[in-house]
Structure formats: structure tokens, C-alpha cells
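This report concerns only the one structure given below.
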Amino acid sequence: REGKVQLTDGYVVVRSGELFLIGCQINPLNTASTHVSPDSVRTKKLLLHKEQIRRLVGKVEQKGYTLVPLNLHWKSGKVKCEIALGKGKAEHDKRDTIKDREGKREVERVMKSRHR
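So my numbering is basically just the index in the sequence shown, starting at one, shifted up by 1.
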């Protein structure tokens with residue numbers, strides 16, 4: 002509720018027919034408890050209907066696909082997590098991305114040196 006959530010490194014894993022959110026940092030509220038401080042990066046179990054889980058597991062078992070969290074919000078006192086099916090980049094796509102990034106850095110470096 003305080004907005005102290007980091008979803009960038011998170012992903013969803015299937016274990017024994019259940020979905021778990023791993024790698025997301027969800028900091029607890031400061032006002033929730035003064036005695037217990039839960040781990041902010043612990044694994045969270047996602048609650049879904051069996052049909053939804055079956056459909057997602059079928060997609061994830063295909064090569065190169067994974068489930069990633071997109072959004073986290075509150076509704077009726079419960080935390081809702083939007084997840085999406087994502088596909089990793091191919092090796093040539095990664096090389097293209099790195100090449101573009103290095104090109105942009107070079108342009109910025111030249112522009113910076115000219116303005117001095």
C-alpha cells in the first residue's frame with residue numbers, strides 16, 4: 002500500500018500444480034507489526050482457479066516461455082497480481098540490443114565532448 006514493491010526481477014514458477022511468485026521485493030507496512038519483520042523477498046503463493054493454472058502450465062512448458070508479474074494492486078482488501086506470458090530474446094536479438102546501446106553511448110560521448 003505504500004508503493005514499496007519491486008517487480009523487475011520477479012518471475013512465476015510452477016511447483017506441484019501451484020504457482021509461486023519468486024524474486025519480487027514486497028516490503029511490509031511499517032505500521033503492520035512492531036515485533037515481527039517478515040522477509041521482503043520471500044516466495045509468495047499465487048491463488049488461481051485450477052483451469053487457469055492448467056492453461057498457464059501448458060503455455061509455460063513450451064520452450065522459451067515464462068510467466069512474469071506486470072502489476073500489483075489492492076482490491077477488496079486483497080493483493081492482486083497481474084501476470085503475463087513472456088518469451089525470452091533470441092541470441093541474435095540480444096546482440097542487436099547491445100549493439101544499439103553501445104551506439105547510443107558513443108553518440109552521447111561525442112555530443113558531450115563537443116559541448117565542452
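Every residue, glycine too, gets a C-beta built ideally from N, C-alpha and C.
All of these numbers come straight from a predicted model, not from anything done at the bench.
Check: For Val111, does the count of other Cβ atoms within 10 angstroms reach 16, so buried, or fall short, so exposed?
Finding: exposed
Quiz item: Could you give the distance in angstroms between the alpha-carbon of Lys51 and the alpha-carbon of Arg102?
Solution: 43 Å
By alpha-carbon positions, which one of Lys100, Glu92 and Val14 ends up nearest to Leu60?
First, the residue type needs correcting, since residue 60 is Lys and not Leu in the sequence shown. It is Val14.
Query raised in the report: Buried or exposed: which applies to Gly65, given that a residue is buried once 16 or more other Cβ atoms fall within 10 Å of its Cβ?
Result: exposed
- Task: Could you tell me the distance, in whole angstroms, from the CA atom of Lys88 to the CA atom of Thr67?
- Result: 6 Å
> Considering Leu68, what are the terminal residues of the beta strand (DSSP E) in which it resides?
Replying inline: Tyr66 to Lys76
ask   = Of the choices Leu71, Tyr12 and Arg16, whose alpha-carbon is the least far from that of Ile23?
value = Tyr12
* Measuring alpha carbon to alpha carbon, tell me which of His116, Leu20 and Cys82 ends up nearest Lys46. => Leu20
For Val61, write down the residues that DSSP places opposite it in a beta bridge. None; Val61 has no bridge partner.
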